[in-house]
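The numbering used here applies: residue 23 is where the sequence shown begins, and numbers increase by one.
C-beta: ideal position from N, C-alpha, C; glycine also.
Note that the structure is a prediction, hence the values are computed from the model and not measured.
Inspection log for the structure reproduced underneath, given as C-alpha cells.
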Amino acid sequence: MKLCSDIPIIIIANKADLVDETKLDNSLIQEFVNENKLLGFFITSVKNGKGLVRLLTRLSKQCIINFNFFNIFFLLS
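Shown next, in the form of C-alpha cells:
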C-alpha cells in the first residue's frame, strides 16, 4: 500500500447472495480500510443487485474528484 499511496483502492466483496453476512467481521475489514487509507469496503451481489448503486456512486464520485484534480494540475503547470 505504501508504494502506491496515490492510487484509490476499494475492497469489493461480491456474491453477497451466497454468504451469511452475520459471519462477516465488518469491524475487522473496516479497521483494515482505515489503517490503509482505502476508499471503502462494499458488499455486493450482481445476481440480486445488492450494494451496486452505492458502489457505483462511490466510484463515480472518485472518478470526478480525480478528473478535476488532474485537470487543475495540468492547467497550472
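With DSSP as the reference, identify every bridge partner of residue i, one or two as the case may be.
i: residue 62; result: 32
Within the same chain, show all residues whose beta-carbon is closer than 6 Å to that of residue i, passing over the 5 residues directly before and after it, in chain order.
i: residue 64; result: 34, 73 and 77
i: residue 28; result: none
Skipping 5 residues on each side, what residues in its chain have a beta carbon closer than 7 Å to that of residue i?
i: residue 71; result: none
Could you check how far apart the C-beta atoms of residue i and residue j are, in whole angstroms? I think they sit under 8 Å.
i: residue 79; j: residue 38; result: That belief does not hold up - the Cβ atoms of residue 79 and residue 38 are roughly 17 Å apart, past 8 Å.
i: residue 7; j: residue 31; result: The first residue shown for the chain is 23 and the last is 99, placing residue 7 beyond what the model contains.
i: residue 62; j: residue 68; result: Wrong, their Cβ atoms sit about 18 Å apart, outside the cutoff.
Excluding sequence positions up to five away, which residues of its chain have a Cβ less than 8 Å from the Cβ of residue i?
i: residue 125; result: Here the chain has residues from 23 to 99 only, and residue 125 is not among them.
i: residue 81; result: 32
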